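A.B. asks: Start counting the sequence shown at -10; every next residue gets the next number (my numbering). Beta carbons are placed, not taken as given, at the ideal position from N, Cα and C, and that holds for glycine. None of these values were measured; they are calculated from a predicted model.
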Amino acid sequence: MRATRTPEGPATERLCHLGDEVEIEAWGPGAEWALDAAPDLVGERDDPEPLRPEHPLLRDLVRRLPGLRMGRSNAVFEALVPAILEQKITGLEAGRVRRRLLQRYGEPAPGPVDVAAGLLVPPPPESLAALPYHAFHPLGLERRRAETIIRLAARATALEALVARPPDEARTRLETLPGIGPWTAAETARIALGDPDAVSVGDFHLPNLVCWALAGEPRGDDRRMLELLEPYVGQRGRVQRLLEASGISAPRFGPRMAARSIEGI
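(1) CA-CA distance, Arg85 and Leu74?
(2) Are the segment 217 to 229 and the segment 171 to 185 touching, with three or more C-beta to C-beta distances below 8 Å?
(3) In its own chain, which residues sit with a C-beta less than 8 Å from the C-beta of Glu21, not counting the 5 before and 5 after it?
(4) Tell me, which residues are paired with Pro12 by DSSP?
(5) If distances are taken between C-alpha atoms only, which option among Ile139, Leu182, Glu10 comes closest to Ala119?
(6) If we count the other Cβ atoms within 10 Å of its Cβ and call it buried at 16 or more, is Ala248 buried or exposed?
(7) Within 10 angstroms of the Cβ of Met(-10), are there 16 or more other Cβ atoms? Answer buried if so, exposed if not.
(8) Tell me the DSSP secondary structure of Ala248 in three-state form.
(9) Starting from the C-beta of Leu264, find all residues in its chain whose C-beta is less than 6 Å away, skip the five residues before and the five after it, and write them out in chain order.
(10) Strictly by DSSP, which residues pair up with Asp(-9)?
(11) Could you compute how far the alpha carbon of Ala26 sits from the alpha carbon of Gly17?
(12) Alpha carbon to alpha carbon, what distance is there between Pro112 and Leu195?
(13) Taking the alpha-carbon positions, what's the Ala234 to Ala187 distance?
(14) In terms of alpha-carbon separation, which member of Arg41, Leu141, Gly107 lies closest to Leu117?
(15) Helix, strand or coil for Pro97? Go by DSSP, reduced to three states.
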C-alpha cells in the first residue's frame, strides 16, 4: 500500500506481486496519474543490462536477484523530505519524525476503508512552505533541517521539473541547493528518478558494507568505497542496491550512531 500526492491530487495505490507480474489498483483524484506512472514505480522501464560485473560476488548477486530493479516514483519533493529528515540521524529517529509530520499535516488517503485505513498522504508543499521553522520542533526537527524543508517546499514546482532531466544531471542540480549534500541528493535521485549511479556518499554504514563485500575489509570510508566502485561508474547505485539486498553485513564492532531527541530540547 502506498499513499502519494500526484500532480493531479492525492492517490492510494495497492500493489500485488503475482508471479512475474505486478497488479496495481489506485484510488483518488490522482489515480489515473499513478497508474500511468506505475511502470516506472516498479522498475519495468529500468535496464539492468549495462551492469556486467567482474567481481564474483556481484556476478552471483545478479544471478540470484534477477528481478531487482531501480524503480522511480517521479515525485522529487516527496522523496526529498524523508531524505532531509534522515540527515545525520538514525533511520528509527527519522521514521518517528516522519510519522509525526504526516499525522500533524498530512491528510487521510483516498479509497475504500479496507484499503486506505490508517494511510496518510504527505502534506502539499505549499502547506509546508507556509510554516514557521519552530512548527517543526515538536515533531523532533531542529531549525536547520526545518528551514531546508520550508525553503525547498517553496521551490517544489521547479524540483518536480527535474524528472525530465537525465538522472545524473538532476542529481548534480540537487547538490547545488542549500542544505542538500551528496547523500541527500543520492537518496532522492535513487527513489524519485531511479538513478542507477546514485551512491550514498556520507552514509554511516554503506562504506563498511561495500568494503567488506568487495574487498574483505571490515571498515572503510567514502574514498575507499568510491575506489572499489570505480569499475562500475554509471551503475554504482545499482551495485549499492544489490549489496543492500544481499543480506551481507560488515562485522559489527565499535560505537554505533547514537539516537537523539530534538523535541525535548
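C.D. replies: So, to answer that:
(1) 10 Å
(2) yes
(3) Glu(-3), Ala15
(4) In the sequence as displayed, the identity of residue 12 is Glu instead of Pro. BP columns for Glu12 point to Cys5.
(5) Ile139
(6) Reliability of the predicted coordinates at Ala248 is poor, the pLDDT of 49 falling under 50, and the value obtained from them is presented with this limitation in mind. Exposed.
(7) exposed
(8) With a pLDDT of only 49 at Ala248, under the threshold of 50, the placement of this residue in the model should not be trusted; the figure read from the coordinates follows. Looking at Ala248 - three-state DSSP - the assignment turns out to be coil, as it is neither helix nor strand.
(9) Given that the chain is displayed from residue -10 to residue 254, the structure contains no residue 264 and the question cannot be resolved.
(10) For the sequence presented, residue -9 should be read as Arg rather than Asp. Paired residues: Glu2.
(11) 15 Å
(12) 31 Å
(13) 16 Å
(14) Leu141
(15) strand
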